[in-house]
Amino acid sequence: MDIKEFSQRRADLAEHMGPNSIAILSASTIKTRNHDADFHFRQNSDFYYLSGFSEPEAVLVIIPGREHGESVLFCRERNPAKEIWDGYIMGPDRAIDLLGVDDAFPISDIDEIIPGMIEGTDKVFYSMGLDAQFDTHVMEWINNIRSKVRSGAHPPGEFVALEHPLHELRLFKSDAEVAVMQKAAKISAEAHVRAMKRSKVGLNEYHLEAEIIKTFMDAGARFPAYSTIVGSGSNACILHYIENNKTLEEGDLVLIDAGCELECYASDITRTFPVSGKFTTEQAAIYQIVLDAQTAAIKETKPGNHWNHPHEAAVRVIAKGLLDLGLLVGDLEKIIEDESYKKFYMHRTGHWLGLDVHDVGEYKVGGAWRELEKGMVLTVEPGIYIAAECKEVDEKWRGIGVRIEDDVLVTKTGARVLTRHVPKQINEIETLMAS
Ligand code: GLY
Ligand code: MN
Ligand code: MN
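Rendered as structure tokens:
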């Protein structure tokens, strides 16, 4: 992504903040996995959104109207001896050129420099409570200024939640963001297609995960956006199943929920298909209800509708479908009203998608569901899950779990399905798997 994109975001935030204010953001920290082995570093999404910078031990400061430039980065200094072990460090000098920030200093100098930047401002925009250690640092800087009031220092009087204006910006995707998300979606779609083609009785669930991850990496997406779910048989009914270690059996469905991360942007696709390529009558019946629910929900994903419209549409189709099959009994309106469908459909129909798979952004504004607007990206992912132990339904239905999930961009007049390159009609899946 062009560095101008990041400069524009900083300028947009500065405009929201107004004069006499300062925003302070900390980079993510390196997390230990186990002794001497760290998790791969992933930048904090807010920090990345405003900087495009992927290193730890950094602080970004935005000061609207500052004479020497509004954006200041504190980061690690170059260190040839350390770089031999741990690799590239950008360093403050290169950061100005490569990231387009106005000013950059060594992170080791922050305690001397930053109190002077905070001093004199009225408002500090800061996301409190995410990192207790950094919270303490920020308070030390503020207390440093407070200790000098008798010498005329002016400590800020107000702390403002940075996430409110920042997450509002992140909710609306620019053309550049949509382009990256479309690319990520296409890679993930290809991965699902390849997993369908590879599926075979006797393989393990993690063999399909291997196909997914290989496809991501082959296409340049080094990491998944979240832990891949490959649940066969009744494992499909465990919503966050990531064990992925059961043998694929004849007659089972397999549910794969997997999406790659590209330039820190997530994609998120679920497909459910028969291990050996052919749906049974009962599997097809449940699958078709979920697909119809998803189609109805996507139809309701358009400007002017509110956040809950797609969910309401999906719930109605699922409740009616389960009623028609005799899996629910009673009156349709009452089933929707008393939420008795939740026994089989217990999650919501989607979430915002962006730098985080469950992306930031308010779902309600002033107590009412938020209206959908051009540039928002969300998932549409209804499902039906009939647990293996569900004794109150006929045995033939037990252990069937189906979810179908796509990533959808709200456009000026409707919606565009970014993940459209992976089949989901029953006949399309059966044809693909037979090929
Ligand atoms: N993969 C996480 C989700 O679908 O929400
Ligand atoms: Mn999702
Ligand atoms: Mn998902």
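Using this note's numbering, the first residue of the sequence shown is number 873, and each one after it goes up by one. From the three backbone atoms N, C-alpha and C, an ideal C-beta is built for every residue, glycine too.
N-terminal and C-terminal residue of the alpha helix (DSSP H) that residue 1159 is part of: 1153 to 1171 is the span of the alpha helix (DSSP H), which, as asked, contains residue 1159.
DSSP-derived helix/strand/coil call for residue 1106: Secondary structure of residue 1106 (DSSP, three-state): helix.
Own chain, CB closer than 7 Å to residue 1150, minus 5 neighbours either side, in chain order: Answer for residue 1150: 1302, listed in chain order.
Pick from 1222, 1162 and 1238 that is closest to residue 1140, judged by C-alpha positions: Closest by alpha carbon: 1222.
Residue 1098 beta carbon near ligand 1 (any heavy atom closer than 7 Å): Yes, the Cβ of residue 1098 comes within 7 Å of a heavy atom of ligand 1.
Contact check, residue 1073 vs residue 1103, beta carbons under 8 Å: In this structure, residue 1103 does not lie closer than 8 Å to residue 1073 by Cβ.
Coil, strand or helix - residue 1299 by DSSP: Helix, per DSSP.
Residue 944 and residue 973 closer than 8 Å at C-beta: Taking the C-beta atoms as reference points, residue 973 is found nearer than 8 Å to residue 944.
Inter-stretch contact (C-beta, 8 Å, three-pair minimum) for the stretch 927 to 946 and the stretch 884 to 899: Yes, the stretch 927 to 946 is in contact with the stretch 884 to 899.
Opening and closing residue of the alpha helix (DSSP H) in which residue 1065 lies: Segment 1047 to 1070, the alpha helix (DSSP H) holding residue 1065.
Endpoints, beta strand (DSSP E) assigned at residue 998: Looking at the DSSP string, the run of the beta strand (DSSP E) that includes residue 998 is 995 to 998.
Distance cut-off 7 Å: residue 1077 Cβ against heavy atoms of ligand 3: Result no, Cβ not under 7 Å from ligand 3.
Terminal residues of the beta strand (DSSP E) in which residue 1251 lies: Here the beta strand (DSSP E) through residue 1251 covers 1249 to 1252.
Spatial neighbours of residue 968 in its chain, beta-carbon cut-off 6 Å, leaving aside the 5 residues before and after: Counting only Cβ-Cβ distances below 6 Å, and skipping sequence neighbours, we find 976.
Of the residues 906, 1053 and 1012, the one placed nearest residue 1224, counting alpha carbons only: Of the candidates 906, 1053 and 1012, the residue whose Cα lies closest to the Cα of residue 1224 is 1053.
Buried/exposed call for residue 982, threshold 16 Cβ in 10 Å: Residue burial annotation: residue 982 is buried, with at least 16 other C-beta atoms found within 10 angstroms of its C-beta.
Whole-angstrom C-beta distance between residue 1190 and residue 1256, which should lie under 8 Å: Residue 1256 to residue 1190, Cβ: 6 Å. Contact.
Cβ separation of residue 1123 and residue 1144, assumed to be a contact under 8 Å, to the nearest whole Å: With 8 Å as the limit, residue 1123 and residue 1144 do not qualify as a contact, their Cβ atoms being about 14 Å apart.
Bridge partners - residue 1240, DSSP secondary structure assignment: Per DSSP, 1237.
Residue 1018 classed as buried or exposed, judged by whether at least 16 other C-beta atoms fall within 10 angstroms: Classification of residue 1018: exposed, given that the 10 Å Cβ count is below 16.
Own chain residues within Cβ distance below 8 Å of residue 1304, not counting five before or after: For residue 1304, the CB contacts under 8 Å within the same chain, skipping 5 residues up- and downstream, are 1065, 1068, 1069 and 1295 in chain order.
Opening and closing residue of the alpha helix (DSSP H) in which residue 1141 lies: Careful: residue 1141 lies outside any alpha helix (DSSP H), inside the beta strand (DSSP E) at 1141 to 1146.
Delimiting residues of the alpha helix (DSSP H) encompassing residue 963: Counting along the chain, residue 963 sits inside the alpha helix (DSSP H) bounded by residues 963 to 971.
Residue 1223: CB within 7 Å of a non-hydrogen atom of ligand 1: Checking every heavy atom of ligand 1 against the Cβ of residue 1223, one is found closer than 7 Å.
Proximity winner among 1196, 1057, 1002 and 1050, relative to residue 1034 (alpha-carbon distances): Nearest option by C-alpha distance: 1002.
DSSP three-state assignment for residue 900, whether helix, strand or coil: DSSP places residue 900 in coil when its eight states are reduced to three.
CB contact flag (residue 1111, residue 1230, <8 Å): No, the Cβ-Cβ distance between residue 1111 and residue 1230 is not below 8 Å.
Selection from 1105, 1121, 1106 and 1099 that minimises the alpha carbon distance to residue 1114: By alpha-carbon distance to residue 1114, the top candidate from 1105, 1121, 1106 and 1099 is 1099.
Nearest-angstrom Cα separation, counted from residue 894 out to residue 1036: The alpha-carbon separation between residue 1036 and residue 894 amounts to approximately 15 Å.
Contacts around residue 1093, its chain only, beta-carbon distance under 7 Å, and the 5 residues preceding and following it disregarded: Counting only residues of its own chain and dropping the five nearest sequence neighbours on each side, residue 1093 has a CB closer than 7 Å to the CB of 1056, 1059, 1132, 1133 and 1134.
Any non-hydrogen atom of ligand 3 closer than 7 Å to residue 955 Cβ: Using a cutoff of 7 Å, the CB of residue 955 does not count as near ligand 3, since none of the ligand's heavy atoms is closer than that.
C-beta contact flag for residue 1245 and residue 1282 at 8 Å: Closer than 8 Å, so yes.
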